[in-house]
Amino acid sequence: MPRHTGSCFCGAVEIEATGKPEAMGYCHCSSCRSWSAGPVNAFTLWKPEAVRVTRGQDKIATFIKAPSSERQFCTDCGGHLMTNHPGLGVVDVYAAALPSLDFSPAVHVNYAETVLPMKDGLPKFKDFPADFGGSGETMEE
Numbered sequence: 662m663p664r665h666t667g668s669c670f671c672g673a674v675e676i677e678a679t680g681k682p683e684a685m686g687y688c689h690c691s692s693c694r695s696w697s698a699g700p701v702n703a704f705t706l707w708k709p710e711a712v713r714v715t716r717g718q719d720k721i722a723t724f725i726k727a728p729s730s731e732r733q734f735c736t737d738c739g740g741h742l743m744t745n746h747p748g749l750g751v752v753d754v755y756a757a758a759l760p761s762l763d764f765s766p767a768v769h770v771n772y773a774e775t776v777l778p779m780k781d782g783l784p785k786f787k788d789f790p791a792d793f794g795g796s797g798e799t800m801e802e
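Under the numbering used here, the first residue of the sequence shown is numbered 662, with each subsequent residue one higher.
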């Protein structure tokens with residue numbers, strides 16, 4: 662079974678994801694953009710049991726702006742690690758935090774909020790797919 666390891670910016674916190682993600686893609690919502698300090702956030706969604714902290718658990722803090730997203734970061738360097746989505750039953754380990762993972766995005770979510778249009782042929786959901794509580798509506802590139 663594949664294992665992917667990564668760390669925060671300074672290396673004080675190490676994480677491991679085992680197996681393969683449930684989904685990979687891009688989020689364009691304003692919260693993810695603001696949190697990631699970028700025009701788009703690359704996500705990898707995992708079942709919670711597939712992700713574990715292997716070092717530095719005591720250096721992880723959580724910021725909760727909305728109950729649907731529990732964002733975790735390193736208290737030493739501020740490096741972003743992952744977001745727990747309790748209502749969806751998945752953990753988003755930021756794609757950049759797992760350098761050995763072959764990032765293969767399949768979808769864009771919250772594309773109605775995009776500031777960086779991307780023409781890549783992938784489905785672009787206005788908000789979320791219906792099975793994730795969204796409208797299921799897609800948008801044109």
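Glycine included, every Cβ here is placed at the ideal spot set by N, Cα and C.
Helix, strand or coil at residue i according to DSSP, with G and I counted as helix
i: Ala698; result: coil
i: Asp719; result: helix
i: Phe639; result: This structure cannot settle anything about residue 639, because the visible part of the chain is limited to 662 through 802.
i: Glu798; result: coil
i: Ala684; result: strand
i: Ala703; result: strand
Distance between beta carbons of residue j and residue i, contact taken as under 8 Å
i: Ala711; j: Val768; result: At roughly 19 Å, the Cβ-Cβ gap does not stay under 8 Å, so Ala711 and Val768 are not in contact.
i: Phe753; j: Leu706; result: Before going further, note that residue 753 is Asp rather than Phe in the sequence given. So it is a contact: roughly 6 Å between Cβ atoms.
i: His665; j: Glu774; result: Actually they do not touch by this definition, with Cβ atoms about 29 Å apart.
i: Trp696; j: His741; result: 7 Å
i: Cys738; j: Cys669; result: 6 Å
i: Gly803; j: Pro663; result: In the structure as shown, the chain starts at 662 and stops at 802, and residue 803 therefore has no counterpart that could be examined.
i: Leu749; j: Phe793; result: 6 Å
i: Lys720; j: Thr736; result: 5 Å
Distance CB(residue i)-CB(residue j) smaller than 8 Å
i: Val751; j: Lys780; result: no
i: Ala673; j: Ala757; result: no
i: Arg732; j: Thr715; result: no
i: Lys785; j: Glu802; result: yes
i: Leu777; j: Ala678; result: no
i: Ile676; j: Gly686; result: no
Endpoints, beta strand (DSSP E) assigned at residue i
i: Phe786; result: Looking at the DSSP string, Phe786 is not in any beta strand (DSSP E), and its letter there is neither H nor E.
i: Asn745; result: 741 to 746
i: Ala678; result: 675 to 679
i: Phe734; result: 730 to 735
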